[in-house]
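Student:
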Amino acid sequence: MVPFRRFFGHHIFSSLTRRILFLNLAGLVVLVLGILYLNQFRDGLIEARVESLMTQGEIIAAAIAASATVETDTITVDPEKLLELQAGQSIAPGTDQLDSLEFPINPERVAPVLRRLISPTRTRARIYDRDGNLLLDSRHLYSRGQILRYDLPPLEEAEQDFIDRIEDFIYRFFERKDLPVYREQPGGSGAAYPEVVNALIGSPGFVVRISEQGEMIVSVAVPVQRFRAVLGVLLLSTQGGDIDKIVADERRAIFRVFGVAALVTAILSMLLASTIANPLRRLSAAAVRVRRGVRSREEIPDFSDRQDEIGNLSIALRDMTNAMYARIDAIESFAADVAHELKNPLTSLRSAVETLPLARNDETRKRLLDVIQHDVRRLDRLISDISDASRLDAELAREDASRVDVKKLVGDLVDLSLQQGRHRKKVAIEFRAPKDAAKSFHVSGHDLRIGQVITNLIENARSFVPDKDGRIVVSLMRSNRHVIITVEDNGPGIRVENIERIFERFYTDRPSTEAFGQNSGLGLSISRQIVEAHGGQLTAENIVGAKPGDIRGARFVVRLPAES
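For the sequence shown, this note's numbering begins at 586 and goes up steadily by one.
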């Protein structure tokens, strides 16, 4: 039971799945509510019902007029008054003509006609005389032997179930509140009905009302007239609930369609969520395993075949994880190298310190003190270079890049190196750069770090050139999208097997004339790290002469992306 619940909780009804499902169903619910609220079916149904009742009323009114007690020859209409009437107006018989008549419409003759025309329908018909008094009501028309059936209200109201309560709530929510309430008039007077009053002057009309039970009733009043003389009014009205039943059936059909659409939407939403939530869950679980993993390296799921944001996220996480593992490897390797490099001077220092109390003469004691001072200086140099290398990446990431004029920077560094070289090995340093002012030698980066690279390369070359006739050439050129800086010397060159190894941390291959421990072996490694952080390359090669095996020096090449 627990795994089943977990499966549904984490896989099918995850947080993202619930959100997608809720939002899609919410949109569908809003659409259905809008259809119900703006449903024109009810208005169209009412309009069609009015037209039907109007046609039915005209037919029945004509039949009633033909059955009226008024004889055609007894009614005379003044032709002059007839010509004065406008379109749609009627004229009632003259007072002198109707005084001799007891009823213009004979109920006994009209009742059978009305009963035959109304019985097949559920329409209620009422006939009013010229004064609005009720003459006939189809509710009270029945033939001999006819059984009348009336639905009595239940003694106790039946309890509504949940679906009935929802349906009743929706019906009452969308119930029209702007309709007048229909009430039976005492005595059957038709003067209280506006449509009857309008029909008495010859204008048919209709009114839509709502009963006290909330049922819609449509009433149509048609004048009963002969030769445009109004004899009475026929009022046709629907039974309470007829239109509401049709509207309710229509709404049930809408809800059935909504149920099917909701089911399809839910299935499609869950399928969509599975294509989003499942990969995200796998990526998240893999990230957690990477965070907790100590002994083994976790592999991030590969969704690179998906051409969407999840595929991009998978690629980014994989690259980030690989970069993190590479950084961890670099840190571990760096820590191992640091420990190894620090161990040598510490071992030497420890031996000298332990041996110092055993020295028998001042000369031996002085030689041991020189060893101790040399190892301390070596440790200080190592610690300084290690500290510089360890915080290099953080400084490059933290500082904002700026526009650097490489031509001016290299020129200033060459002049500074010439001034500092007066107190050390005398070396001829030459700077070569194009004099074309149109060429730009600007790069985006950190001027201090780029200057550190140039200084390291110049000092590295100075340590390899001979004491006499030592020469260093620093050149600058522009090649398409790169600024190229070369530092050449006339030293012994680089052994072929060590061309790439010289960029490793703590690796030194110094001349035999240089004192041991004067170099930490981090200069070229730091230089390459700085250049690569600027998006460039640092390579080394030998300057080869015309004859095979003739090496005339070493050349270091720095390529930096140039600003356009």
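Note that the Cβ used here is the ideal one computed from N, Cα and C, for glycine as well. Quick caveat: nothing in here was measured; it's all calculated off a predicted structure.
1. Report the three-state DSSP secondary structure of Ser637 (helix, strand or coil).
2. Rounded to the nearest angstrom, what separates Phe919 and Thr602 at their Cα positions?
3. Take Ala915 as the anchor and find which of Asn929, Val938, Ser975, Ile1128 has the nearest alpha-carbon.
4. So Ile1136 is in the beta strand (DSSP E); what residue range does that whole segment cover?
5. On the CB-based measure, 16 or more other CB atoms within 10 Å of its CB, does Met586 come out buried or exposed?
6. Look at the alpha carbon of Val1072 and the alpha carbon of Asn1065, and state the distance between them as a whole number of angstroms.
7. Beta-carbon separation of Asp1054 and Gly1138 under 7 Å?
8. Which residues in the same chain as Val1198 place their Cβ atom closer than 6 Å to its Cβ, once the five residues preceding and following it in sequence are excluded?
9. Could you tell me whether the Cβ atoms of Val807 and Phe791 are closer together than 7 Å?
10. How many angstroms separate the CA atom of Ser869 from the CA atom of Ala862?
11. Could you check the C-alpha separation between Ile1115 and Pro1019 for me, to the nearest Å?
12. Excluding the 5 residues preceding and the 5 following Met801 in the sequence, name in chain order all residues of the same chain whose CB lies nearer than 6 Å to its CB.
13. Taking the beta strand (DSSP E) that Val793 falls in, what are its first and last residues?
14. Once you ignore the five residues that flank Asp960 on each side, which residues in its own chain have a CB closer than 6 Å to its CB?
15. Just reading off the beta strand (DSSP E) that Asp990 is part of, what are its end residues?
16. To the nearest angstrom, report how far apart Val635 and Ser822 are at their CA atoms.
17. DSSP three-state call for Arg768: helix, strand or coil?
18. Does Asp944 come out as helix, strand or coil in the three-state DSSP assignment?
19. Given this structure, state the Cα-to-Cα distance separating Asn907 from His1119, to the nearest angstrom.
20. For Ala611, does the three-state DSSP call read helix, strand or coil?
21. For the putative contact between Pro779 and Met639, defined by C-beta atoms under 8 Å, what is the C-beta separation to the nearest angstrom?
22. Can you list, in chain order, the residues of its chain whose CB lies under 7 Å from that of Ile831, leaving out five sequence neighbours each side?
23. Quick check: what's the CA-CA separation for Arg558 versus Arg1144?
24. Cutting at 6 Å between CB atoms, please list the residues of its own chain near Gly642, excluding the five before and the five after it.
25. State the Cα-Cα distance for the pair Gln798 and Val766, rounded to the nearest angstrom.
26. With a CB to CB cut of under 6 Å and the five nearest residues on each side skipped, what residues in its chain are close to Val1068?
27. Could you tell me if Phe888 is buried or exposed, where buried requires 16 or more neighbouring beta carbons within 10 angstroms of its beta carbon?
28. Kindly identify the DSSP beta-bridge partner or partners of Ala1013.
29. So, with DSSP's three-state summary, where would you put Tyr1092?
30. Please find out if some non-hydrogen atom of the ligand SAH comes closer than 6 Å to the beta-carbon of Arg1144.
31. Considering just the uninterrupted stretch of the beta strand (DSSP E) at Asn1127, what are its terminal residues?
Tutor: In short, the structure shows the following:
1. If DSSP states are grouped into helix, strand and coil, Ser637 belongs with the helices.
2. Computed Cα separation, rounded: 46 Å.
3. Ranking Asn929, Val938, Ser975, Ile1128 by Cα distance to Ala915 puts Ser975 first.
4. For Ile1136, the enclosing beta strand (DSSP E) begins and ends at 1136-1146.
5. Residue placement at Met586 is poorly supported in this model, since its pLDDT is 45, which falls under 50; the coordinates still yield a value, given next. Answer is exposed; the Cβ neighbour count stays below 16.
6. Cα-Cα distance, rounded: 20 Å.
7. The answer is no: Cβ separation not under 7 Å.
8. Look at the range of the chain in this structure, 586 to 1149, and you will see that residue 1198 is not part of it.
9. Between Val807 and Phe791, the C-beta gap is not smaller than 7 Å, which leaves the two residues out of contact.
10. Their Cα atoms are separated by approximately 10 Å.
11. The alpha-carbon atoms of Ile1115 and Pro1019 are separated by roughly 25 Å.
12. Cβ neighbours of Met801 beyond the five flanking positions: Ile795, Ile828, Asp829.
13. Annotation for Val793: the continuous beta strand (DSSP E) segment containing it runs 790-795.
14. So the list reads Pro930, Ser933, Leu934, once near-sequence residues are dropped.
15. 987-990 is the span of the beta strand (DSSP E), which, as asked, contains Asp990.
16. Looking at the two C-alpha atoms, the distance is approximately 9 Å.
17. Correct three-state label for Arg768: coil.
18. In the sequence on display, residue 944 carries Ala and not Asp. The answer is coil: DSSP assigns Ala944 none of H, G, I, E or B.
19. Cα-Cα distance, rounded: 21 Å.
20. Ala611: helix per DSSP, three-state reduction.
21. No, Pro779 and Met639 are not in contact; Cβ-Cβ is about 16 Å, not under 8 Å.
22. Result list for Ile831: Leu630, in chain order.
23. Within the shown structure, residues of the chain are numbered from 586 to 1149, placing residue 558 beyond reach of any answer.
24. Around Gly642, the same chain offers Val805, Val807, Leu819, Leu821 as residues with beta carbons nearer than 6 Å, after the five sequence neighbours per side are excluded.
25. Approximately 10 Å, taken between the alpha carbons.
26. In chain order, Val991, Phe1026, Val1028, Leu1145, Ala1147 place their CB closer than 6 Å to the CB of Val1068, counting only its own chain and leaving out the 5 sequence neighbours on each side.
27. Buried, since its Cβ has 16 or more Cβ neighbours within 10 Å.
28. According to DSSP, Ala1013 bridges with Arg1056.
29. Tyr1092 sits in coil when the DSSP states are folded into three classes, being neither helix nor strand.
30. In terms of ligand content, the structure shown is empty, and the ligand SAH therefore cannot be addressed.
31. Element bounds for Asn1127: 1122-1129.
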